[in-house]
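Asks: What follows is a structure written as structure tokens; I'll ask about it next.
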Amino acid sequence: MTNDIEHILYTEEQIYKRVKELACEINSYYSGKPIIAVFVLKGSAFFASDLIRWLNMDVTMEFMSVSSYGIESVSSGKLTIKRDIDSDVTDKNVLLIEDIIDTGITLSTLKNLFVQRGANDIKVVTMLSKPSRRIVKFEADFTGFEVPDEFVVGYGLDYADKYRNLPYIASLKRHIDRKSVV
Ligand code: PRP
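Structure, rendered in structure tokens:
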């Protein structure tokens, strides 16, 4: 599996340090107010688990899995919810936790959904952002690292459901036959 790696972008140590810094920013923002932390699966599993351990307010963990229909989903709000959260978010503070924002379509649509559900305050934290790939204007409130337009895997990020368990974030070799990893 590691033979497929082009180069490491962020080591375990760099990730650990940045996650703690993000947690500090998030703690300052909420100043003790309770939150519902929504893990947007599968990619955010490691990041979200690491991040919330450093948060100092009351945190309710929720899990969600979605896929968007592309650009039309942003205006139509059309989102396939494969797994939904259990809690009622009305008047609650919601922190959506993502591994990566690419085109911005998923998070724009998901944030709109939580607005419709009556959340009081909705913030987004993402480990990675690829601004060069944006189709809709969307920025997270808290971002770990901005990455170039490379195929990024590890620390939860996959290609064809592989590589998620790498402890670092790396770019995948371009010559990898994409069919061979399916
Ligand atoms: C990834 C990521 C975001 C979405 C971002 O999820 O976790 O949810 O894509 O892309 P966008 O900004 O272009 O909408 P993916 O569909 O790969 O699912 P996964 O988390 O289960 O790997």
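Throughout the sequence shown, residue numbering follows numbering that gives the first Met the number 0, covering 0 to 181 in sequence.
All residues carry an ideal CB built from backbone N, CA and C; glycine is no exception.
Would you identify the three-state DSSP class for S67, choosing helix, strand or coil?
Replies: In the structure shown, S67 sits in a strand (DSSP, three-state: E or B).
Asks: Please confirm whether V93 and I34 have their CB atoms less than 8 Å apart.
Replies: Contact flag set, yes.
Asks: So is the beta-carbon of G42 under 7 Å away from any non-hydrogen atom of the ligand PRP?
Replies: Yes - the ligand PRP has a heavy atom lying nearer than 7 Å to the Cβ of G42.
Asks: Check whether the Cβ of S170 lies closer than 7 Å to any heavy atom of the ligand PRP, and answer yes or no.
Replies: False, no ligand heavy atom lies under 7 Å from that Cβ.
Asks: Could you please give me the residues that DSSP links to E97 through a beta bridge?
Replies: DSSP lists T125 as partners of E97.
Asks: If you draw a straight line from the C-alpha of L40 to the C-alpha of I100, how long is it?
Replies: In a straight line, the C-alpha of L40 is about 13 Å away from that of I100.
Asks: Buried or exposed for K178, please, with buried defined as at least 16 other CB atoms from any protein chain shown within 10 angstroms of its CB.
Replies: Note that K178 scores a pLDDT of 48, beneath 50, so its modelled location is shaky; the value from the coordinates is reported in the next line. So K178 counts as exposed.
Asks: Exposed or buried, which one is E97 when buried takes at least 16 other CB atoms within 10 Å?
Replies: Burial call: buried.
Asks: Is it right to say I80 is buried, meaning 16 or more other beta carbons lie within 10 angstroms of its own, or is it exposed?
Replies: I80 should be labelled exposed.
Asks: Tell me the DSSP secondary structure of S43 in three-state form.
Replies: In the structure shown, S43 sits in coil (DSSP, three-state: anything other than H, G, I, E or B).
Asks: Compare the Cα-Cα distances from G42 to each of A118, T102, K19 and S64 and report the closest residue.
Replies: The candidate whose alpha carbon is nearest that of G42 is S64.
Asks: Can you find the residues in the same chain that come closer than 6 Å, C-beta to C-beta, to W53, ignoring five residues on each side of it along the sequence?
Replies: Closer than 6 Å at the Cβ level, and outside the excluded window around W53, lie K19 and A22.
Asks: Looking at the ligand PRP, does it come within less than 7 Å of E97, judged from the CB to the closest heavy atom?
Replies: Yes.
Asks: A169 to T89, Cα distance in whole Å?
Replies: Looking at the two C-alpha atoms, the distance is approximately 38 Å.
Asks: Helix, strand or coil for L165, going by three-state DSSP, please let me know.
Replies: Coil.
Asks: To the nearest angstrom, report how far apart F144 and M126 are at their CA atoms.
Replies: Each residue's Cα considered, the two are about 6 Å apart.
Asks: What's the C-alpha gap between N26 and K136?
Replies: In a straight line, the C-alpha of N26 is about 26 Å away from that of K136.
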